[in-house]
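There are 2 protein chains.
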Amino acid sequence: MLFKNIAVLDDRFKLRENGYVGVKDGVIGYIGDQMPEEAFGEEYDGRGKLLMSGFVNAHAHTPMTLLRGYGENLNLSDWLNTRIFPFEEKLTGHDIYYAMLLGIAESLRSGIVSTTDMYFYGEEMARAVLESGVKNNLSLGLTCFGDEDLYTLKNYKEGKLLFENCHNTGDGRLKIDMCIHAEYTSGEKVVRQMAEHCKSLGANMHIHLSETKEEHEGCKLRHGGKTPAEYFYSLGIFDSKTTAAHCVWLEGEDFDILKEKGVTVASCPKSNLKLASGVCNAPKLLEKGINVALGTDGAASNNSLNMLEEMKFFALIHKEKWGDPRVVTPRQALYAATRAGAVSQGRADTAALKTGMKADLIALDISGAHMKPAHSLLNNLIYSASGSDVRLTMVDGKVLYRDGEYQTIDIEKVIFEVEKSKDRILSELGQALAEKA
Amino acid sequence: MLFKNIAVLDDRFKLRENGYVGVKDGVIGYIGDQMPEEAFGEEYDGRGKLLMSGFVNAHAHTPMTLLRGYGENLNLSDWLNTRIFPFEEKLTGHDIYYAMLLGIAESLRSGIVSTTDMYFYGEEMARAVLESGVKNNLSLGLTCFGDEDLYTLKNYKEGKLLFENCHNTGDGRLKIDMCIHAEYTSGEKVVRQMAEHCKSLGANMHIHLSETKEEHEGCKLRHGGKTPAEYFYSLGIFDSKTTAAHCVWLEGEDFDILKEKGVTVASCPKSNLKLASGVCNAPKLLEKGINVALGTDGAASNNSLNMLEEMKFFALIHKEKWGDPRVVTPRQALYAATRAGAVSQGRADTAALKTGMKADLIALDISGAHMKPAHSLLNNLIYSASGSDVRLTMVDGKVLYRDGEYQTIDIEKVIFEVEKSKDRILSELGQALAEKA
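Order-wise, the sequence lines are chains A and B. Just so we're aligned: the first sequence equals residues 1 to 437 in my numbering. Just so we're aligned: the second sequence equals residues 438 to 874 in my numbering.
Written as structure tokens, this is what we have:
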């Protein structure tokens with residue numbers, strides 16, 4: 001495809017007006033101010049549009065779309081125990097497959113090309129990723145509540161099989177990461193064994209870290225004063241390339257540990273607000289040069305998979321929290337939503353608009369009233385644009401979404417199946433409640 | 438117009454699936470589950486859509502669209518003194534007229550039917566309101582910096598004339614309010630005189646109140662310990678029906694004063710985050726039964742005029758700020774964005790979907806992937822919907838916006854003129870800077 005007469009935001013976030021970008025064999029082959037001599041196939045009229053890197057969602061539980069808007073305005077323990085956990089117990093592989101596709105559709109619609117996911121029914125999630133054409137770093141949320149041996153856990157075996165069968169499939173679009181769900185949901189032995197296992201595979205690690213004050217302080221009580229970061233560090237988790245979600249309650253040496261081990265912080269500002277978890281100290285992380293990426297978390301605590309919205313929250317909440325309107329610039333927010341996520345996923349070849357990189361691109365409509373005038377396109381992109389301004393999403397050079405249409409997803413069927421799953425589960429839960437009573 | 442087969446959110450936020458709503462002579466004439474016998478003209482196929490009250494933006498400076506994205510990531514005094522004030526000095530009536538139309542277009546696009554505005558060049562703003570068909574409570578930001586007499590001020594005379602010529606014109610769509618910009622930008626004498634003047638006209642009052650800590654604490658120093666609320670109370674400002682924007686730093690008796698005098702708080706969560714002003718204690722205001730409406734503030738500190746986004750911020754930031762995910766429910770957010778604003782504007786006949794009320798309505802697309810499944814439409818509306826889901830905006834029964842098209846605004850011309858104004862002002866400012874150097 002050849003994008004013509006389009007504004008182009010390059011890998012250094014420099015704007016080129018009226019540019020030309022050619023895509024061939026899944027890769028960006030040409031960027032210039034003139035029509036290239038080489039042929040690139042279909043021509044895309046880019047007037048009134050901006051071409052830029054697609055977004056990387058660095059922390060999600062994509063199939064939780066099925067729980068969107070279910071159980072709101074509850075405190076965390078009521079939310080988990082009376083809503084989320086009972087609902088999740090009823091989920092089947094069929095439910096997960098369609099809920100995953102729904103989340104992928106929503107993600108594509110707002111320009112997400114790649115996601116770091118943690119959930120269960122990995123095989124069905126993998127199938128949805130491969131069929132839909134997106135990129136995903138997929139892990140199974142590993143939990144255990146006693147002194148179990150990792151190698152006896154069903155979840156470990158599933159994860160191992162998934163890694164063997166699916167890692168780097170779909171031309172590398174799908175990667176399988178290892179996972180410890182969190183400190184408070186696993187035993188020390190399992191964590192230590194998982195650290196070893198992950199290292200031996202050369203895989204990435206995905207964890208929740210210091211999301212809530214309760215978790216953070218509880219960890220210190222449980223582990224002789226060690227914070228979650230210190231705890232995982234001591235057990236070797238960070239010896240693998242790690243994405244740590246949330247990191248709201250980091251303190252003291254935690255920052256140095258993350259910096260030393262090259263851990264990526266996947267900040268989830270909307271989810272942290274909604275569940276009243278707190279605000280991650282992104283300004284300090286950024287100042288220390290720690291890789292800060294952005295995640296949506298699951299749709300049950302967001303309730304969207306929309307990185308333009310996430311960037312807006314990310315850029316705004318820190319200004320108030322730290323009392324300084326200068327912190328978290330549009331440039332920092334955009335980097336967090338694109339390149340930082342790709343770095344965390346171990347994808348050096350994407351999330352930067354540059355020749356030779358994978359063509360994981362989006363075209364945004366910048367002609368709307370809410371985007372005018374254009375004193376600064378970067379400011380407008382962070383503070384004024386919305387996810388629905390995305391008109392085209394391309395992964396590895398293939399158009400997956402364009403003007404409301406999905407090329408690889410039968411969205412009507414997906415919505416039909418998801419509503420059916422929802423109704424079935426609610427009816428089962430109704431029965432379960434009735435049986436209990 | 439007859440809306441058919443449409444989900445309907447009524448004045449009590451109760452959902453009716455597959456409803457019928459008939460509009461005649463600018464008023465809602467029919468709500469039911471069946472086709473009415475009476476004819477209502479054009480039929481609107483509402484499948485996959487939600488019909489609800491349009492939004493009321495309770496505090497804005499609409500023409501500031503012209504400054505959108507100009508001067509970002511600066512502290513408040515640098516922002517005002519090096520960017521906003523110098524730019525505003527260069528504005529002409531022509532600039533204001535088109536910038537106002539741009540803001541009205543943006544507002545309509547995300548479902549705003551009525552706005553409470555404070556700015557200058559009232560005649561041009563009024564013209565844009567009347568021509569475009571929207572509703573507006575318009576006031577001129579009154580400032581003075583000494584012991585002036587109100588009746589000698591140019592701004593007073595303009596406001597008086599505007600009231601005489603424009604108040605309740607356009608079938609009552611346009612109302613002229615009185616205004617004191619803020620405590621720190623006016624003298625005591627002028628405030629007292631304005632309180633009298635406003636009362637004598639029977640007009641509404643529009644002020645900024647305790648937006649920043651500096652303003653709030655400064656007021657106490659300047660006025661013998663009186664908070665801005667106590668100060669305005671003592672000078673009689675609240676004897677008129679008042680909308681007080683921001684109210685971030687209220688303390689002590691301030692809450693009781695607002696309650697006693699029936700003052701509406703126009704909370705502007707996004708602007709307050711962006712300028713690092715703080716977070717208004719909406720939970721406490723709501724608990725006290727104070728009328729809390731929602732405003733966007735100007736596009737220079739938001740940077741959108743989008744009430745769906747504002748509701749989302751409003752519902753989320755308080756959960757974190759007060760450490761309780763139960764505060765500010767979707768119902769409270771929706772009320773703040775609709776009915777509370779209408780109450781503050783003195784418009785008893787709008788912002789509620791009920792027979793006999795003015796047909797100030799919007800139709801939202803609720804069929805998108807990001808709105809599925811629908812465990813609760815109200816939850817999805819607040820936490821998942823986006824402004825661009827609005828497909829139709831109607832004021833007094835007239836369709837002003839539909840599927841990207843404006844019926845009363847030549848949006849291409851407006852954008853052209855606004856970009857021209859921007860370029861002219863920037864060039865003048867460049868010259869001004871050059872002359873200074």
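Cβ atoms here follow ideal geometry from the backbone N, Cα and C, with glycine treated the same way.
Where residue i meets chain B, residues with beta-carbon distance less than 8 Å
i      : result
A/P325 : N510, L511, N512, L513, W516, K711, L712 and A713
A/N303 : N816, N817, Y820 and S821
Distance CB(residue i)-CB(residue j) smaller than 7 Å
i      : j      : result
B/M631 : B/I644 : no
B/G506 : A/H370 : no
A/E124 : A/I104 : no
B/G570 : B/L599 : no
B/C717 : B/C684 : yes
B/T680 : B/A666 : no
Under 9 Å by beta carbon: chain A residues contacting residue i
i      : result
B/T766 : E72 and N73
B/I852 : S367, A369, K372 and P373
B/V716 : E320
B/R433 : As shown, chain B starts at 438 and ends at 874. That puts residue 433 of chain B outside it, with no answer to give.
Residue i versus residue j: straight-line alpha-carbon distance, rounded
i      : j      : result
B/D614 : B/T553 : 9 Å
B/D586 : B/G624 : 9 Å
B/G459 : B/D447 : 13 Å
B/I852 : B/K859 : 10 Å
B/S671 : B/R629 : 9 Å
B/K597 : B/L866 : 32 Å
A/V113 : A/D360 : 6 Å
A/E260 : A/I28  : 34 Å
B/L567 : A/K49  : 32 Å
B/N510 : A/Q431 : 54 Å
B/K663 : B/K657 : 5 Å
A/W249 : A/A351 : 29 Å
B/G661 : A/H223 : 54 Å
A/N380 : A/A363 : 15 Å
B/T775 : B/A495 : 9 Å
B/P473 : B/E454 : 16 Å
A/N272 : B/Q769 : 21 Å
B/G689 : B/K678 : 22 Å
A/Y401 : A/F120 : 26 Å
A/L153 : A/L80  : 23 Å
CB contact check: residue i to chain B, cutoff 7 Å
i      : result
A/G69  : yes
A/I237 : no
CB contact below 7 Å: residue i versus chain A
i      : result
B/L538 : no
B/S825 : yes
B/S551 : no
Chain-ordered neighbours of residue i on chain B, where CB pairs are closer than 7 Å
i      : result
A/P373 : L503, R505, V855, E856 and K859
A/M316 : For clarity, residue 316 of chain A is Leu in the given sequence; the question names Met instead. The contacting residues are K707, L710 and K711.
As assigned by DSSP and simplified to three states, the class of residue i
i      : result
B/S490 : strand
A/G29  : strand
B/N740 : coil
A/R290 : Reading off the sequence shown, one finds Ile at residue 290 of chain A, where the question assumed Arg. Three-state result, A/I290: coil.
B/N592 : helix
B/K795 : strand
A/D403 : coil
A/L377 : helix
B/E854 : helix
A/I96  : helix
B/A682 : strand
A/T116 : strand
B/S704 : strand
Chain A residues whose Cβ lies nearer than 7 Å to that of residue i
i      : result
B/E543 : A369 and H370
Chain-ordered neighbours of residue i on chain A, where CB pairs are closer than 8 Å
i      : result
B/S813 : G69, Y70 and E72
B/N743 : H370 and S386
B/I521 : Those do not exist, as B/I521 stays about 12 Å from chain A at its closest Cβ, beyond 8 Å.
Cross-chain neighbours of residue i in chain B, by beta carbon under 9 Å
i      : result
A/N402 : Note on residue identity: the sequence assigns Arg, not Asn, to residue 402 of chain A. Per Cβ cutoff of 9 Å: no residues; A/R402 is ~14 Å from chain B at best.
Chain-ordered neighbours of residue i on chain D, where CB pairs are closer than 8 Å
i      : result
A/I411 : No chain D is part of this structure, whose protein chains are labelled A and B.
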